[in-house]
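Undergrad: In this text, residue positions in the sequence shown follow the UniProt record's numbering: the first is 1, and each later residue adds one.
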Amino acid sequence: MPTLDLYTFAISPPCRAVISTAQILGVDFNEKHLELFKGEHLTEDFLKLNPHHKVPLLVDEDYTLGESRAIQIYLFNKYAKPESDYLYPKDIQKRGKVDWLLYFDSATLFPNALAFFKAYKFQGRKPNEEETKTLIDTLDLVDKNYFQNSDFLFGDKPSLADISFAASLSFLDMINFDFSKWERISKFLSASRNTAWFKKGPALYNEMSEEWRNSIKEKGLI
1 MPTLDLYTFA ISPPCRAVIS TAQILGVDFN EKHLELFKGE HLTEDFLKLN
51 PHHKVPLLVD EDYTLGESRA IQIYLFNKYA KPESDYLYPK DIQKRGKVDW
101 LLYFDSATLF PNALAFFKAY KFQGRKPNEE ETKTLIDTLD LVDKNYFQNS
151 DFLFGDKPSL ADISFAASLS FLDMINFDFS KWERISKFLS ASRNTAWFKK
201 GPALYNEMSE EWRNSIKEKG LI
């Protein structure tokens, strides 16, 4: 039996990024899906593990760790073999670039994509002008400055930052977001979707994403 427990919410892009990282590294884990809308992340038992009441959460025996990007790096540091160095290079400057874009995803890319998505799913409306401009400006920045010479951010293989980018951007598939305006991002997403780590994903992801897409369709928003 795996010794790692990973608490997730299947539809969550940060959770997906951690699961994808574990899959690339060949790390076995017990996926423990929490129903956030039923308050399972607010139970006394879970709050003892994570007082921040967030997922993903990794439990490695008596060690707990939250925040998806921190978990990605922890898994790499503990389990990576030399052939996986492309995920998080040893070279300090190359690693710094991966860190930079992991933090960019955390602070900018994912929050802007999430705000855009929330309008459809949780507010029953299409995004307003500000929400739309914020996302478009972010996508313009990424498309202009990255993926210039390869499918992934730093070459022909994905880094930890690529894995997070793919999870954050593909989240918008549930609203049938059209990425065709952003040629480089589209190429990146196409390359990511063809990988084993992307196709597998969280156990309940496909089921939940289809349910959410249908609920948005029923409101006439897509």
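Glycine included, C-beta positions come from ideal geometry on N, C-alpha and C.
Terminal residues of the continuous alpha helix (DSSP H) containing Glu67?
TA: Taking the first residue of the sequence shown as 1, we reach residue 67 at position 67. Counting along the chain, Glu67 falls outside any alpha helix (DSSP H), and DSSP gives it neither H nor E.
Undergrad: What are the boundary residues of the beta strand (DSSP E) that includes Val59?
TA: Start at 1 with the first residue of the sequence shown, and residue 59 comes out as number 59. That run of the beta strand (DSSP E) goes Leu57 to Asp60.
Undergrad: Can you grab the Cα-Cα spacing for the pair Gly66 / Val18, in whole Å?
TA: For the purposes of this step, residue 66 is identified with residue 66 of the sequence shown, where counting begins at 1. For the purposes of this step, residue 18 is identified with residue 18 of the sequence shown, where counting begins at 1. Computed Cα separation, rounded: 11 Å.
Undergrad: In chain order, what residues of the same chain lie with their CB nearer than 6 Å to the CB of Met208, ignoring the 5 residues before and after it?
TA: Mapped onto the sequence shown, residue 208 falls at position 208. Ala10 and Ile11, listed in sequence order.
Undergrad: For His33, which three-state DSSP category applies?
TA: Reading the sequence shown from its first residue, position 33 is the one you call residue 33. Correct three-state label for His33: strand.
Undergrad: Pick out the complete alpha helix (DSSP H) segments inside the UniProt domain "GST C-terminal" (91–212), 4 residues or longer, and give them in chain order.
TA: DSSP runs (the alpha helix (DSSP H)) wholly in the UniProt domain "GST C-terminal" (91–212): 92–104, 110–122, 129–145, 160–170, 183–193 and 196–200.
Undergrad: Classify Thr21 as helix, strand or coil using the three-state DSSP reduction.
TA: Walking along the sequence shown from the start, residue 21 turns up at place 21. Helix at Thr21.
Undergrad: For Asp143, count neighbouring Cβ atoms within 10 angstroms of its own Cβ and tell me buried if that reaches 16, exposed if not.
TA: Here residue 143 is taken as the residue at index 143 of the sequence shown, counted from 1. Result: buried.
Undergrad: Can you grab the Cα-Cα spacing for the pair Leu42 / Pro51, in whole Å?
TA: Here residue 42 corresponds to residue number 42 of the sequence shown, with the count starting at 1. Here residue 51 corresponds to residue number 51 of the sequence shown, with the count starting at 1. Cα-Cα distance, rounded: 9 Å.
Undergrad: Would you call the CB atoms of Lys48 and Asp5 closer than 7 Å?
TA: As a working mapping, residue 48 is identified with position 48 in the sequence shown. As a working mapping, residue 5 is identified with position 5 in the sequence shown. No, these two residues do not count as a Cβ contact at 7 Å.
Undergrad: Could you tell me if Gln23 is buried or exposed, where buried requires 16 or more neighbouring beta carbons within 10 angstroms of its beta carbon?
TA: Within the sequence shown, numbered from 1, the residue matching residue 23 stands at position 23. Classification of Gln23: buried, given that the 10 Å Cβ count is 16 or more.
Undergrad: Would Ser20 and Trp212 qualify as a contact pair, given that the criterion is a beta-carbon distance under 7 Å?
TA: Stepping through the sequence shown from its first residue, residue 20 is reached at position 20. Stepping through the sequence shown from its first residue, residue 212 is reached at position 212. It is not a contact, given that the beta carbons lie outside the stated cut-off.
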